[in-house]
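Residue numbers (my numbering), protein chains in the order written: chain V, 965 to 1195; chain R, 134 to 608.
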């Protein structure tokens, strides 16, 4: 089942006199349960493509369909609701809310979606258990290591059961051990919850784990390979 | 959840939040306390006007206030009594005989309004008897009540009944008050000398003491030298009902001190029967009836009812007699509001600054919140609530501190004796007992919340301009 469909998408930025074509005619789709990475050199358009898929930015041409929504037809306020309902984000620098505990951060989006308290608590407990932080419910982000914070961020992204998770360079700030742990967890959640993960990365460790590697260069897809990696 | 997040955000940077909260606290306290002090002065003035000078309502012969002719008596006092007895809210009333005349002693003379009163009834209705200066006698309590007069300190001074003498006893009281011996020794050269006025005493002291010593001790010296010979007499002269000059010697039974110099200098009280005998007015004839009400709020209604029932007479309440006092009460209420709005407007700049810093520091976080699905309304509400919390915490702290300080000073009073001459000339007390109504705090709470909301508008709009893409880039 297709989760994301990208049809001949263009994204052009105008910087005074210079026109930069960040995405140049990309056609691509992601299936439910994909564990895919988008790779490519700096400036190849990885982050721009993720932003377009996540509804954070609008294409200048082409069409993106996520869970039946044509993103270019949505108004800005509808896009915010779309992101809340359908997309999970994991950022390079964790971006947890510093004044909330780990459990409150995980429950944050469910709270925005007005989940009942009991259900929210059960889901939070389940996810903190899954990411190995069952004993850090009440820890603030400042009391957690980088790896632990990123695991909380993954739990937060997964909590409301989105269509897919977009992770922009999730291991960039982590040491090897933390990165491996995080990837183990994401792989496990991919299999257990059949959750679709789409990464952008430079990290060879992530590429090694991915079952699909899409390579971008100058805003075009130059390869889209499925691998036999399996955990 | 937004509320709880906003509250937690307020305490992210404790130093910054405490600074702005402290500024709001001090600003609100300063405003509230200043107003309570001003208010107390007005409340005390009204209190004195009603309890010592005017009462709530006066009923006069229509011509009496303009001509004050002794003939202008109330034609049918029985009707007035019957109306006052029936008017709801009237708790007590009495009649007065009022004549204009001259009070004189060997030292001087002064024009006065001589009021003949029913001593027992007036004692129930007024607190003037409590204004008796200790050591000057009593409020018509002696057996020879008939020939007695109760006069103001200011009049006593004008008639040189009060003098200033540094007696051995005065020196003892100065020593007890802790005045250095070096100072009292300098004053020995004027021991026993009589000074007819404060000014003459001060001039004599100024020649002996340094200006610093005068500034520090002149009040103590004046109080110690204050001297009154009990049982002094004055001659009161006025016209009787036939238009003939009449008068008699009256023994001063006591001297009162109020905060109103004019009232003290012109109002003199004698027993009604004595004045009736001297003027030839018959039993039951009065120039004025005065009535007390259960509370001041009934003044307007009771005045209308009595006025309607007594169309031939002039019926006035204290607000109509002392229009300046009624006007100042309304005026001050408006000033309170304007004053508080100005203070809060000044404080709002501090809140805007703090909130703006807080928003700009959180650019990435606010972008991330938008990325993960927190809509514009929620982000706007969160910033708005943070600002409201800052102003409300500071505002409530300010109100609490004000409440405590007003509670304490309202009990102990604030002494402004140094400036009392200026104040008392206008009838205002030199001892302030700050007080403020509960409705003022309700108005203030609304103003404080409004300050928080208005202060948040600009920072909240800034917050909405954050681009969520920035967050994804991890910048």
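Glycine included, C-beta positions come from ideal geometry on N, C-alpha and C.
- In this model, residue 986(V) and residue 1172(V) are separated by some 26 Å (Cα to Cα).
- Three or more Cβ pairs closer than 8 Å define a contact, and the segment 1084-1103 of chain V meets that threshold against the segment 1063-1072 of chain V.
- When DSSP states are grouped into helix, strand and coil, residue 404(R) belongs to the strand group.
- In the structure shown, the three-state DSSP call for residue 361(R) is strand.
- Between the C-alpha atoms of residue 1106(V) and residue 480(R) there is a straight-line separation of about 33 Å.
- Beyond the five residues adjoining it in sequence on each side, residue 142(R) comes within less than 6 Å, by CB distance, of 519 in the same chain, given in chain order.
- By the Cβ-count criterion, residue 253(R) is exposed, with fewer than 16 other Cβ atoms from all chains shown falling within 10 Å of its own Cβ.
- Look at the segment 1154-1179 of chain V: it has no residue with a C-beta under 9 Å from a C-beta of chain R.
- In the pairwise beta carbon analysis, the segment 1177-1188 of chain V is classified as not touching the segment 487-500 of chain R: fewer than three pairs are separated by under 8 Å.
- Secondary-structure assignment with DSSP links residue 548(R) through a beta bridge to 564(R).
- Rounded to the nearest whole angstrom, the CA to CA distance from residue 409(R) to residue 461(R) is 38 Å.
- Against chain R, a Cβ distance below 7 Å from residue 1039(V) picks out nothing, because the smallest value is about 12 Å.
- Beta-bridge partners assigned by DSSP to residue 244(R): 235(R).
- Excluding five sequence positions before and after residue 588(R), the CB atoms of its chain that fall closer than 6 Å to its own CB belong to 481, 484, 485, 520, given in chain order.
- Judged by their CB atoms, residue 1023(V) and residue 1008(V) are not nearer to each other than the 8 Å cut-off.
- In the three-state reduction of the DSSP assignment, residue 522(R) falls in the helix class.
- The segment 277-293 of chain R makes contact with the segment 387-396 of chain R, as at least three CB pairs between them are under 8 Å.
- In this structure, the beta-carbon distance from residue 994(V) to residue 1128(V) falls below 8 Å.
- Close CB contacts of residue 514(R) within its chain, under the 7 Å cut and outside five residues either way in sequence, are with 135 (chain order).
- For residue 297(R), the enclosing beta strand (DSSP E) starts and ends at 295-298.
- Going by DSSP, residue 1112(V) is part of the alpha helix (DSSP H) stretching over 1110-1122.
- Contact check for residue 523(R) against residue 153(R) passes: the beta carbons are separated by less than 8 Å.
- Around the C-beta of residue 451(R), 16 or more other C-beta atoms lie within 10 Å, and the residue is accordingly described as buried.
- Rounded to whole angstroms, residue 1048(V) and residue 1078(V) show a C-alpha spacing of 12 Å.
- In this structure, the beta-carbon distance from residue 503(R) to residue 599(R) falls below 8 Å.
- Per DSSP, the beta-bridge partners of residue 969(V) are 993(V), 1029(V).
- Scanning the segment 332-359 of chain R from its first residue to its last, the whole alpha helix (DSSP H) runs of 4-plus residues come out as 344-358.
- Counting other Cβ atoms within 10 Å of its Cβ, residue 269(R) reaches 16 or more and is therefore classed as buried.
- Residue 1017(V) sits away from residue 1164(V), with the two beta carbons spaced by 8 Å or more.
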